[in-house]
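Residue numbers (the working numbering), protein chains in the order written: chain A, 1 to 113; chain B, 114 to 605; chain C, 606 to 742.
In this text, a Cβ means the ideal position worked out from N, Cα and C, and glycines have one as well.
First the structure, in the form of structure tokens, and then the observations on it.
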Amino acid sequence: MLLLLAVLIGVLYGSAVYLLLRRNIFKLVLGLIFLGYATNLLLFVASGLTSGYPAFIRNLEGETATMSDPLPQALILTAIVIGLGVTAFALVLVYRFYSVTGTVDLDELSENE
Amino acid sequence: MILVLPIMLPLLFMVALIFTRRWLAFQQVFSLIASFALTFLSALLLAEVSRKGIMTLQLGGWPAPYGITLVVDLLSAIMLTTTSFVALVVMIYSPGFIDKERQTAGYYPLVFGLLMGVNGAFITGDIFNMYVWYEVMLTSSFVLIALGGSAEQLRGSVKYVTISFVASIFFVSAIGIMYGQAGTLNMADLAYKMRSWEEMPYMNSALMLFFIAFSIKAALFPFFFWLPASYHTPPVAITALFAGTLTKVGIYTMMRFYSLFVVEDVMFWKIFLLVIAGLTMTVGVLMAASQFDIRKILSFHIISQVGYMVMGLVIFTPQAVAAAIYFTVHNMLSKTGTFLAGGLVYQRSGSYDLKYLGGLYKSMPFLALLFFVPAMSLAGIPPLPGFFGKLFLVKGGFAAGDYLITGVAIAVGLFTLFSMVKIWNEAYWKSEPENMPAPSRVSNLTLAASSLLVLAVILLGVFVGPVMKITHEAAVQLTDPLIYIQAVLGKQ
Amino acid sequence: MESVILQIAARHMRPILIVLSLVVLYRGHNEPGGGFIGGLMLGAAFILYAMAFGVSKTQKSISFSPVTMTALGLLIALLSGVPALFSGSPFMTGEWITLFQHTVVELKLGTPLLFDVGVYLTVAGMLMLVMFSIMED
């Protein structure tokens, strides 16, 4: 499980960097999204992975229940929410950029610099 | 209770401003009063903290290492006060400068959203919570920088959004690794565990990730390139607000983290950061010298000045850190001041480009004064605060025996003077170019805002003694992290 | 896009999604669900409608603007921290009242739920704001 996730995170980071380096501005946004996912998974794995146990148990009386650490899950949820916000804004930005400049090519971006 | 107000009040103001978004006049007056209230509140907080020592609040009643703690020490209080004062000035400046379309498109609520994030980052005692406040601040700044949607702004904001997001990614990854190592997110608890535990193998990697995240935010060498590519695009009032607050949050976080978390390999971090600081100063000032747009010269100067703050921090004696804090306060005021004065030039002559400007000293001596004071302060001319800031930094550097970096700092000061004089010569002293458009009226409110800021800069220089006393106390708290740890955890 | 199938589906799906989002919102405190997911569902309900009928028609069919909804959500989330102050606890302490208790069913209301309602409205409002601004032409 750990190995699988590690490989997955690596693949996600790789794809994200590849997409970020593309000239197409929409692919840039896709790259940002992938980067966000990779990091969420990294957060999940780095803060200790316990699989197969619930993160919340209602009654703990008498029995020693095994549970997974709920905090990383809460952190990831927060990171996902924030990622959603940034992605939404980036999409609007890209759309506006396209309708104002009429291009999706990032090279035209640096034209006036 | 007073500790939640710096976060909750801006939120409340933001909500009120969203509900009243159709009434522009009300928004202008309300945001003025609101930012005044915030300034008053943070000044109150500063007085309270300097009397009672570090104040803490456990949000939701959850005890310290588990819940989110809000902590205000002197450094936080100083930063809060300066930020809200800068915001107050920008709020006076904005109605006369920013066009109606942008003002009704949500400018005022967004500024308070930004302030909520900045204040939150200043007072939180929890690293993940700090990330959340960073994002609140960044999201507001994303919208602010793109507000109005001109092609140039959109170009700038694509770069800004991308680099900020990447910085946030570094931040979260570092938090994940740190949590995996220590099992806590509370900054004081983390610092305590790092001091008492033997094995923390990945701590330096986490710190390096943190360093990258914050140095992107604070625009340190080699991560500064985004700043001059995006900061000059929105209306200058927004740029001034960003210059005065956003990059300084990066510096604040760096100060906090360096003080709390750099336990192992102190020598490595010190040398590494000193090299970075020296390069940041030099590269920033050299790049500035080659520019001709007022906003770009000033943007590159932000970078150069950030180097000084890092230098003071890393020397890490109470004198040097006190000087760094004083320098930060001075920089927030003077930097905003020069940007606002640049805006006045634009309002009067319709250009930021030095090649098309001239004769402003002759036609408008008062406006010239409004630029002259903060600019000379940045360059470090004697009776102004920039001089004292650099003097104390240099003194601290020599006292600690870091001669090389101190020498670099002095040399960079000369170059700063060069580019400030360049703006002065070109825009104010040079005779008026022939094809210069007829001067337009400068609104009184913007003049008043600039004057208020210039007054603050002068006062900061006049009262250098008392101010340095406060920053020295702040530096003592910062250089002895045990005070912070004890205040939050309440043990040992 | 003028698809009859989508239009009829959207017309019937919208109320169902809204009710479902409320269910998800309520059970969210201790079980899977919550304000964020509920808010996404609420937003999705209106976005689906907008895809079928167009943005302007959707905005006419709801009597509030997404911006107001977001602001209202923020306000509710902020106010949910206040009741704790009256009982002398720190800001944001959870306060619960049990309206109805039975061995099988119980109805508990509290400030964390109120906070969730705030999140619910904010998320839905933001989502609609963003999607509507991309979709309208």
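TODO: Indicate whether B:Phe-337 and B:Val-423 have their beta-carbon atoms separated by less than 9 Å.
DONE: Looking up residue 337 of chain B in the second sequence gives position 224. Looking up residue 423 of chain B in the second sequence gives position 310. No, Cβ-Cβ distance for B:Phe-337 and B:Val-423 is not below 9 Å.
TODO: State the DSSP-derived secondary structure class of A:Asp-105, mapped to helix, strand or coil.
DONE: For the purposes of this step, residue 105 of chain A is identified with residue 105 of the first sequence, where counting begins at 1. In the structure shown, A:Asp-105 sits in a strand (DSSP, three-state: E or B).
Task: Residue range of the unbroken beta strand (DSSP E) whose run includes B:Gln-141 - done: Residue numbering aside, residue 141 of chain B sits at position 28 when the second sequence is read from its first letter. Looking at the DSSP string, B:Gln-141 is not in any beta strand (DSSP E); the run it does join, the alpha helix (DSSP H), is 137–165.
- [ ] Take B:Tyr-597 as the anchor and find which of B:Ala-177, B:Ala-156 and B:Gln-140 has the nearest alpha-carbon.
- [x] Position 484 of the second sequence, counted from the start, is the residue given in the question as residue 597 of chain B. Out of B:Ala-177, B:Ala-156 and B:Gln-140, B:Ala-177 has the C-alpha closest to the C-alpha of B:Tyr-597.
Open item on the list: Here's the rule I'm using: 16 or more other beta-carbon atoms within 10 Å means buried, otherwise exposed. How should B:Met-412 be labelled?
Closed with: Position 299 of the second sequence, counting from 1, holds the residue named residue 412 of chain B. The amino acid occupying residue 412 of chain B in the given sequence is Ser; Met does not appear at that position. By the neighbour-count rule (16 or more Cβ atoms within 10 Å), B:Ser-412 is buried.
Task: N-terminal and C-terminal residue of the beta strand (DSSP E) that B:Thr-441 is part of - done: Sequence index remark: in the second sequence, residue 441 of chain B carries index 328 (1-based). No beta strand (DSSP E) contains B:Thr-441, which is instead part of the alpha helix (DSSP H) from 431–462.
Task: Pick from B:Leu-118, B:Lys-165 and B:Leu-506 that is closest to B:Thr-152, judged by C-alpha positions - done: On the second sequence, position 39 is the one that residue 152 of chain B refers to. Closest by alpha carbon: B:Leu-118.
- [ ] List the residues of chain A that C:Val-735 touches, going by C-beta distances under 8 Å, in chain order.
- [x] The sequence position of residue 735 of chain C within the third sequence is 130, counting from 1. Counting only Cβ-Cβ distances below 8 Å, C:Val-735 has contacts in chain A at Ala-88, Phe-89, Leu-91 and Val-92, in chain order.
Task: A:Glu-113, DSSP secondary structure in three states - done: Translated into the one-based positions of the first sequence, residue 113 of chain A becomes position 113. Because the pLDDT at A:Glu-113 is just 45, under 50, the model does not fix this residue reliably, and the point stays unresolved.
Open item on the list: Measuring alpha carbon to alpha carbon, tell me which residue in C:Val-687, C:Leu-627, C:Val-609 and C:Ser-626 is nearest C:Phe-658.
Closed with: Here residue 658 of chain C refers to the residue found at position 53 when the third sequence is read from its first residue. Closest by alpha carbon: C:Val-609.
- [ ] Answer yes or no: do B:Tyr-421 and B:Phe-501 have a C-beta to C-beta separation smaller than 9 Å?
- [x] Here residue 421 of chain B refers to the residue found at position 308 of the second sequence. Here residue 501 of chain B refers to the residue found at position 388 of the second sequence. Not closer than 9 Å, so no.
- [ ] Report yes or no: do the region 443–453 of chain B and the region 480–488 of chain B share at least 3 C-beta pairs separated by less than 8 Å?
- [x] Inter-segment contact for the region 443–453 of chain B and the region 480–488 of chain B is present: three or more beta-carbon pairs are separated by less than 8 Å.
- [ ] For my contact list, B:Met-127 and B:Pro-222 are in at a C-beta cut-off of 8 Å; report their separation, rounded to the angstrom.
- [x] If you number the second sequence from 1, residue 127 of chain B lands on position 14. If you number the second sequence from 1, residue 222 of chain B lands on position 109. Indeed they touch by this definition, with Cβ atoms about 5 Å apart.
- [ ] May I ask which residues mark the beginning and end of the alpha helix (DSSP H) holding B:Val-375?
- [x] Start at 1 with the first residue of the second sequence, and residue 375 of chain B comes out as number 262. That residue, B:Val-375, is in no alpha helix (DSSP H); it is neither H nor E in DSSP.
- [ ] Would you kindly check if the distance between the Cβ of B:Lys-503 and the Cβ of B:Ile-523 is under 9 Å?
- [x] Translated into the one-based positions of the second sequence, residue 523 of chain B becomes position 410. Translated into the one-based positions of the second sequence, residue 503 of chain B becomes position 390. Going by C-beta atoms, B:Ile-523 is nearer than 9 Å to B:Lys-503.
TODO: Name, please, each residue of chain B whose Cβ falls closer than 7 Å to the Cβ of C:Met-697.
DONE: Position 92 of the third sequence, counting from 1, holds the residue named residue 697 of chain C. Within chain B, the residues Leu-172 and Gly-173 have their CB atoms less than 7 Å from the CB of C:Met-697, given in chain order.
Open item on the list: Am I right that A:Ala-90 and A:Val-29 are in contact with their C-beta atoms under 8 Å? What's the rounded C-beta distance?
Closed with: In the first sequence, counting from the first residue as 1, residue 90 of chain A sits at position 90. In the first sequence, counting from the first residue as 1, residue 29 of chain A sits at position 29. Correct: roughly 5 Å between the Cβ atoms.
Open item on the list: Give me the DSSP bridge partner(s) of C:Trp-701.
Closed with: Taking the first residue of the third sequence as position 1, residue 701 of chain C is located at position 96. DSSP output for C:Trp-701 lists C:Gly-715 as bridge partner(s).
TODO: Could you work out which residues of chain C lie near A:Val-114, taking near to mean beta carbons separated by less than 7 Å?
DONE: Here chain A covers residues 1 to 113 and nothing more, so residue 114 of chain A does not appear.
- [ ] May I have the straight-line CA-CA distance separating C:Leu-719 from C:Leu-726, to the nearest angstrom?
- [x] The residue labelled residue 719 of chain C in the question sits at position 114 within the third sequence. The residue labelled residue 726 of chain C in the question sits at position 121 within the third sequence. Whole-angstrom Cα-Cα distance: 11 Å.
Task: Helix, strand or coil at B:Leu-183 [DSSP, three-state] - done: The residue you call residue 183 of chain B lines up with position 70 of the second sequence. DSSP places B:Leu-183 in strand when its eight states are reduced to three.
Open item on the list: Rounding to the nearest angstrom, what Cα-Cα distance links B:Gly-226 and B:Ser-253 in this structure?
Closed with: Taking the first residue of the second sequence as 1, we reach residue 226 of chain B at position 113. Taking the first residue of the second sequence as 1, we reach residue 253 of chain B at position 140. Distance between the alpha carbons of B:Gly-226 and B:Ser-253 is about 6 Å.
Open item on the list: So A:Gly-85 contacts chain C; which residues on that side make the cut at Cβ distance below 8 Å?
Closed with: For this step, residue 85 of chain A is matched to residue 85 along the first sequence. By Cβ distance, chain C contributes Met-731.
Open item on the list: Could you check whether the Cβ of C:Val-722 sits closer than 9 Å to any Cβ belonging to chain B?
Closed with: Locating residue 722 of chain C in the third sequence gives position 117, where the first residue counts as 1. No, C:Val-722 lies away from the interface with chain B (no Cβ there is under 9 Å from its Cβ).
- [ ] In angstroms with no decimal places, state the Cα-to-Cα distance between B:Arg-215 and B:Gly-269.
- [x] Within the second sequence, numbered from 1, the residue matching residue 215 of chain B stands at position 102. Within the second sequence, numbered from 1, the residue matching residue 269 of chain B stands at position 156. Roughly 17 Å between the two C-alpha positions.
- [ ] Please report the Cβ distance between B:Gly-499 and B:Ser-544, rounded to the nearest whole angstrom; I am assuming they are in contact, meaning their Cβ atoms lie under 8 Å.
- [x] Position 386 of the second sequence holds residue 499 of chain B. Position 431 of the second sequence holds residue 544 of chain B. Between B:Ser-544 and B:Gly-499 the Cβ distance is about 29 Å, and since that is not below 8 Å, they are no contact.
- [ ] Would you mind reading off the limits of the alpha helix (DSSP H) that contains B:Leu-651?
- [x] This structure does not reach residue 651 of chain B, given that chain B is present from 114 up to 605, and the question cannot be answered.
Task: Members of the region 129–147 of chain B near chain C, C-beta cut-off 8 Å - done: Ile-131, Phe-132 and Arg-134
Open item on the list: By DSSP's criteria, B:Asp-466 is part of a beta bridge. Which residues make up the other side?
Closed with: Working through the second sequence from its first residue, we reach residue 466 of chain B at position 353. B:Asp-466 pairs with B:Asp-406.
TODO: Please specify which runs of the beta strand (DSSP E), each continuous and at least 3 residues long, are wholly inside the region 329–356 of chain B, giving them in chain order.
DONE: none
Open item on the list: Considering Cα atoms alone, identify which of B:Val-521, B:Leu-201 and B:Gly-262 is closest to A:Tyr-95.
Closed with: Locating residue 95 of chain A in the first sequence gives position 95, counting from the first residue. That would be B:Gly-262, whose Cα lies nearest to the Cα of A:Tyr-95.
Task: 7 Å Cβ shell around C:Ser-692 - same chain, five flanking residues per side excluded - done: By 1-based counting over the third sequence, the position of residue 692 of chain C is 87. Correct list, in chain order: Glu-700.
Task: Backbone CA spacing between A:Glu-113 and B:Asp-406 [nearest angstrom] - done: Within the first sequence, residue 113 of chain A is the residue found at index 113, counting from 1. Within the second sequence, residue 406 of chain B is the residue found at index 293, counting from 1. Since pLDDT at A:Glu-113 reaches only 45, below the 50 mark, its modelled position is unreliable, and the value read off the structure follows with that caveat. Going from the Cα of A:Glu-113 to the Cα of B:Asp-406 covers about 12 Å.
Task: Reference C:Leu-611, options C:Leu-684, C:Asp-721 and C:Ile-652, closest by Cα - done: Position 6 of the third sequence, counting from 1, holds the residue named residue 611 of chain C. Out of C:Leu-684, C:Asp-721 and C:Ile-652, C:Ile-652 has the C-alpha closest to the C-alpha of C:Leu-611.
Task: Closer than 9 Å to chain C by CB, B:Leu-228 - done: Against the second sequence, residue 228 of chain B aligns to sequence position 115. Output row for B:Leu-228: interface = no.
- [ ] Kindly list, in the order they appear in chain B, the residues whose Cβ is closer than 7 Å to that of A:Arg-96.
- [x] Working through the first sequence from its first residue, we reach residue 96 of chain A at position 96. By Cβ distance, chain B contributes Gly-262 and Leu-267.
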